[in-house]
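Heads up: the sequence lines are chains C and X, in that order.
The letter at position 32 of the first sequence is residue 34 when you use our numbering, and the numbering goes up by one with no holes.
The letter at position 122 of the second sequence is residue 124 when you use our numbering, and the numbering goes up by one with no holes.
Cβ coordinates follow ideal geometry from the N, Cα and C atoms, glycine included.
The structure presented is a predicted model; accordingly, all values stated were derived computationally and were not measured.
2 protein chains.
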Amino acid sequence: MSRSQDDAPAPRPWTRLGSRHGASLVLFRPRWDRLVNPRTSEEFERLVLETPDWVNVVALTADGELLCVEQYRFGSGTVTVEIPGGVLDRGEEHGAAARRELLEETGHTSERWRYLGAVEPNPAFQDNLCHHWLAEGCIRTHALGLDPGEDIAVRTLPVADVVSAVGSGRIRHSLVISALSRVLDLRLPE
Amino acid sequence: MSRSQDDAPAPRPWTRLGSRHGASLVLFRPRWDRLVNPRTSEEFERLVLETPDWVNVVALTADGELLCVEQYRFGSGTVTVEIPGGVLDRGEEHGAAARRELLEETGHTSERWRYLGAVEPNPAFQDNLCHHWLAEGCIRTHALGLDPGEDIAVRTLPVADVVSAVGSGRIRHSLVISALSRVLDLRLPE
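Structure below.
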């Protein structure tokens, strides 16, 4: 399907000679791999952050509005607007995790679920996937049960406002945008 | 623009009481922040991976095909299809970095550049942005100068194939998809 430039050969997987783990970073387990570049036969050490798979949910209400979650994020140091999502529990299937995260973070449930596929949050140094799900006709069935380490507000956004919020940068988590792009046309105006 | 559920107050920024850094992870500098949740006044420690901003480029040839980069990625352990991109050098402006990465990774240059905005790779634990750029009418002007730690092949993909490659998962780096979504309609078929 693709045309090569210069007929360059397709890059091959590198050979892993060995690995060592670093101290856990709670969210991640650092791993240093010793690898050989097959193009040059030279050895390199590269970092991988081992982490479980993630999931997030494009959740639409019966009115067709998007369920959003506002929370303070420690990396950006800002209050962000995102869609519900989180980390898979050990042994949990990603569809179950999607239902659990939607319920925990928004108090909503849905009977109409569709799998939107998976992306790599960052294949350069993370070994995990983020699974995207669509939940339609969501209704509020439970109260929010926030733990002491959480401070979340649930909002609904008309779909037209979602597109403009992505364009303006008000919504700017890359994994949120990746999920939304499977349901909404996010192209910027020419 | 958004409607609140339960009139929940907007979450406020957490107060940072202090920070300590961990050993460098080359790509990242781990930082542990001691924070207070304003909703509960309880204290928590949270990890941030400090990292420079990134950039990537939706680069179209004069024929309107997308320039792609194939390379082995250490996190996923696979050969991926991505768009050119990388880390800003210290003090480098992101527009200059976009031009540099396009040239280094594909040997192409362009005279038609458009800024597509920035996203947060992951605001939960990273403090950086990824800037998206569009380069149109790209032409091959230089040879590839790969260093010993690189093994990259440059490909061109018709735009219709790009959309199907995202849908099929052949292209699945979230930051690549985020950039592409500003130029292409990536919605899945109903």
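### Task
Check the C-beta distance from residue 111 of chain X over to residue 141 of chain X and give it rounded, since I have them as a contact under 8 Å.
As a position in the second sequence, residue 111 of chain X is number 109, starting the count at 1. As a position in the second sequence, residue 141 of chain X is number 139, starting the count at 1. Right, the Cβ-Cβ distance comes to about 7 Å (below 8 Å), so this counts as a contact.
### Query
CA-CA distance, residue 181 of chain C and residue 63 of chain C?
Here residue 181 of chain C refers to the residue found at position 179 when the first sequence is read from its first residue. Here residue 63 of chain C refers to the residue found at position 61 when the first sequence is read from its first residue. Spanning the two alpha carbons is a distance of roughly 17 Å.
### Query
Are residue 168 of chain C and residue 60 of chain C close, meaning C-beta to C-beta below 9 Å?
In the first sequence, residue 168 of chain C corresponds to position 166, counting from 1. In the first sequence, residue 60 of chain C corresponds to position 58, counting from 1. No, these two residues do not count as a Cβ contact at 9 Å.
### Query
residue 65 of chain C to residue 55 of chain C, Cα distance in whole Å?
Position 63 of the first sequence holds residue 65 of chain C. Position 53 of the first sequence holds residue 55 of chain C. The alpha-carbon atoms of residue 65 of chain C and residue 55 of chain C are separated by roughly 31 Å.
### Query
Which of helix, strand or coil does DSSP assign to residue 88 of chain X?
Here residue 88 of chain X is taken as the residue at index 86 of the second sequence, counted from 1. If DSSP states are grouped into helix, strand and coil, residue 88 of chain X belongs with the strands.
### Task
Check whether the stretch 143 to 152 of chain X touches the stretch 85 to 101 of chain C, taking contact to mean three or more Cβ pairs, one atom from each stretch, closer than 8 Å.
no
### For residue 70 of chain X, the nearest candidate out of X:174, X:119, X:43, X:192 (CA to CA)
Along the second sequence, one-based indexing puts residue 70 of chain X at 68. Checking every option, the nearest Cα to that of residue 70 of chain X belongs to X:174.
### Query
For the stretch 101 to 129 of chain X, which residues have a CB atom closer than 8 Å to at least one CB atom of chain C, in sequence order?
108, 109, 118, 119, 120, 121, 122, 123, 124, 125, 126, 127, 128, 129
### Message
Residues of chain C with CB closer than 7 Å to the CB of residue 132 of chain X, please, in chain order.
### Response
Taking the second sequence and counting its residues from 1, one reaches residue 132 of chain X at position 130. Neighbours of residue 132 of chain X on chain C, chain order: 176.
### Message
Below 9 Å on C-beta distance, what does residue 39 of chain C contact in chain X?
### Response
Here the question's residue 39 of chain C lines up with position 37 in the first sequence. Within 9 Å Cβ-Cβ: 74, 150, 151, 152, 153.
### Task
Within the same chain, show all residues whose beta-carbon is closer than 7 Å to that of residue 50 of chain C, passing over the 5 residues directly before and after it, in chain order.
Position 48 of the first sequence, counted from the start, is the residue given in the question as residue 50 of chain C. Same-chain partners within the cutoff: 33, 35, 127, 129.
### Task
Could you work out which residues of chain C lie near residue 179 of chain X, taking near to mean beta carbons separated by less than 7 Å?
Translated into the one-based positions of the second sequence, residue 179 of chain X becomes position 177. Per Cβ cutoff of 7 Å: 121, 180, 183.
### Task
Starting from residue 188 of chain X, find everything on chain D with Cβ-Cβ shorter than 7 Å and list it in chain order.
In summary, chain D is missing from the structure at hand, where the protein chains are C and X.
### Chain-ordered residues of the stretch 77 to 95 of chain X with a beta carbon less than 9 Å from chain C
77, 78, 79, 80, 81, 82, 83, 84
### Message
Pairs of beta-carbons, one from the stretch 15 to 28 of chain X and one from the stretch 36 to 47 of chain X, closer than 8 Å: are there three or more?
### Response
yes
### Query
Can you name the residues that DSSP bridges to residue 155 of chain X?
Residue 155 of chain X sits at position 153 when you count from the first residue of the second sequence. Per DSSP, X:72.
### Query
Looking at residue 53 of chain X and residue 221 of chain X, is the spacing between their C-beta atoms short of 9 Å?
Nothing can be reported for residue 221 of chain X: it is not among the residues displayed for chain X, which extend from 3 to 192.
### Bridge-paired residues (DSSP) for residue 58 of chain X
Walking along the second sequence from the start, residue 58 of chain X turns up at place 56. DSSP output for residue 58 of chain X lists X:87, X:134 as bridge partner(s).
### Query
Is the beta carbon of residue 137 of chain C less than 9 Å from the beta carbon of residue 104 of chain C?
Position 135 of the first sequence, counting from 1, holds the residue named residue 137 of chain C. Position 102 of the first sequence, counting from 1, holds the residue named residue 104 of chain C. Yes, the Cβ-Cβ distance between residue 137 of chain C and residue 104 of chain C is below 9 Å.
### Query
Looking at the C-beta of residue 98 of chain X, does it have a partner C-beta in chain C at a distance below 9 Å?
Within the second sequence, the letter at position 96 stands for residue 98 of chain X. By this cut-off, residue 98 of chain X is not an interface position.
### Query
Between the stretch 23 to 36 of chain C and chain X, which residues of the former have CB atoms less than 7 Å from a CB of the latter, in chain order?
27, 28, 29, 32, 35
### Enclosing alpha helix (DSSP H) for residue 166 of chain C [first to last residue]
For the purposes of this step, residue 166 of chain C is taken as the residue at position 164 of the first sequence. 161 to 170 is the extent of the alpha helix (DSSP H) around residue 166 of chain C.
### Backbone secondary structure at residue 3 of chain C - three-state DSSP
On the first sequence, residue 3 of chain C is found 1 positions in, with the first residue counted as 1. The predicted model places residue 3 of chain C with a pLDDT of 44, which falls under 50 and marks its position as unreliable, so this point remains unresolved.
### Where the alpha helix (DSSP H) containing residue 20 of chain C begins and where it ends
Along the first sequence, one-based indexing puts residue 20 of chain C at 18. Taken as a continuous stretch (DSSP letters only), residue 20 of chain C belongs to no alpha helix (DSSP H), being part of the beta strand (DSSP E) at 17 to 23.
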